[in-house]
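Colleague: In my numbering, the protein residues as written are 11 to 311.
We put the beta carbon where it would ideally sit given N, CA and C, even for glycine.
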Amino acid sequence: MNHEIINTIVLIGTGYLLKRLNILKPKDGETISRIIFNVTLPALIIVSLNSVVIEPSIIMLPVIVLLYGIISIFLAYLVFKNEEREMKGTLMMLASGYNVGLFAFPLVEAIWGAEGLLYFGMFDVGNSVVVLVISYLSGSYYSEQGLTMKPADVVKKLANSIPLLTYVLMNTLNFADIRLPSGVIEITEIISRANMPLSLLLLGLYLSFIVEKEHIRPIKKYVLFRYGFGLLFGLLLCFFLPFNDMFRYTILIGFLLPVGLAVIPYAHEFKYKTVVLVGILSNLSILISLIFIFVFSNFIL
């Protein structure tokens, strides 16, 4: 497992170095992310879920993630209630939702293989609802224009998510015991191999270590909140849930994943002056999550 973590750090560092050398620019990240979400990640999902055996208990994963997303928002409201309105909206928007597709999948694929991708894929089904609904509505409520999202917009966003639709399709085929032709799997397997390096290079491309003095206090408060409660609930569920090891590992690691990348465009959409802080916390959460995964995968799990 040390080998996979080291490779991850090297690839993220390579992306950061390419940015520093002006070989790649942050604006190139949009194109790379489109390729990942619309091509390589769906291919990886198809390959992973085509032959794996799905246990009925796995359906509980997205339910647990959604419930924890609701709990996180409630706790965030209590913890950040004395913050200025826009800061409170920012921190609540960041309180729930995780970066599964770009961050978790490359590591999970290297450490646990197809079985891990199956479980984290189901985790991401619940996470997609949390990010697209709970996080969005939290940020929108505290913006100047107030709540703007309608139920039809939520459905449209979910329907436009190719990875989510791929999960639904492949799980349906799996439960129906239908397998895709070998030729299709061979092609998608070739495409899927690009997902890990592209995802990690993209994370490096987005890394930034510039922190303004006025951001230090909210950063400390947010990090303690997110990882404190994530670790608490993750450990409790890991020890007491009556499911298999992979299910419980997914919950524990999942609740310690970085901030979902969707919050960055959300901050722009809501015209938050704290958009720089959102980027800083997104980057910082990547580093902190890497440390947690290294510790758990090597010494605990």
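#1: Can you tell me the Cα-Cα spacing of Phe47 and Gly23, whole angstroms?
#2: So the alpha helix (DSSP H) Ala53 belongs to, where does it begin and stop?
#3: Under 8 Å Cβ to Cβ from Leu212, same chain only, skipping five residues before and after it: list those, please.
#4: State the start and end residues of the unbroken alpha helix (DSSP H) segment that holds Phe185.
#5: Going by DSSP in three states, Val118 sits in which element: helix, strand or coil?
#6: Pick out whichever of Asp255, Ser295, Asn109 and Val89 has its Cα sitting closest to the Cα of Leu142.
#7: Kindly list the residues whose CB is nearer than 6 Å to the CB of Gly149, restricted to its own chain and excluding five residues on each side of it in sequence; keep chain order.
#8: For Arg95, which residues of its own chain have a beta-carbon under 8 Å away from its beta-carbon, when the five flanking residues on both sides are left out?
#9: Span of the alpha helix (DSSP H) holding Ile64?
#10: DSSP three-state label for Val221, please.
#11: Taking the continuous alpha helix (DSSP H) assigned at Lys231, which residues delimit it?
#12: With a threshold of 8 Å on Cβ separation, who are the neighbours of Leu27 within its own chain once the five nearest residues in sequence on each side are excluded?
#13: Under three-state DSSP, which class holds Tyr108?
#14: Within the same chain, show all residues whose beta-carbon is closer than 8 Å to that of Arg189, passing over the 5 residues directly before and after it, in chain order.
#15: Just to check my reading of the structure: Ile68 and Tyr129 have Cβ atoms closer than 8 Å, yes? What is that Cβ distance to the nearest angstrom?
#16: Buried or exposed: Gly339, going by 16 or more other Cβ atoms within 10 Å of its Cβ?
#17: Run the CB neighbour count on Glu119, radius 10 Å, all protein chains shown included, and call it buried at 16 or more, exposed below.
#18: Can you check the segment 261 to 302 for any alpha helix (DSSP H) of at least 4 residues that lies completely inside it and give the ranges in chain order?
#19: With a 10 Å radius around its C-beta and 16 neighbouring C-beta atoms as the bar for buried, classify Ser192 as buried or exposed.
#20: Alpha carbons only, please: which of Glu196, Phe235, Ser202 and Lys223 is nearest the one belonging to Leu85?
#21: Taking only the alpha-carbon atoms, compute the straight-line gap between Val20 and Arg227 and give it to the nearest angstrom.
#22: Whole angstroms is fine: what's the gap from Met180's alpha carbon to Val288's?
#23: Please identify the residue among Ile298, Ser295 and Val285 whose C-alpha is closest to the C-alpha of Met97.
#24: Can the beta-carbon of Val139 be found less than 8 Å from the beta-carbon of Leu76?
Modeller: Walking through what the data contain:
#1: 21 Å
#2: Leu51 to Ser61
#3: Gly25, Gly39, Ile42, Ser43, Ile46 and Leu112
#4: Ile172 to Phe185
#5: helix
#6: Asn109
#7: Gly99, Met103, Tyr276 and Phe280
#8: Tyr152
#9: It is not in any alpha helix (DSSP H) - Ile64 carries neither H nor E in the DSSP assignment.
#10: coil
#11: Ile226 to Phe250
#12: Gly214
#13: strand
#14: Asn60, Ser61 and Leu183
#15: 7 Å
#16: This structure leaves residue 339 out entirely; the chain is present only between 11 and 311.
#17: buried
#18: 273 to 279
#19: exposed
#20: Phe235
#21: 30 Å
#22: 34 Å
#23: Val285
#24: yes
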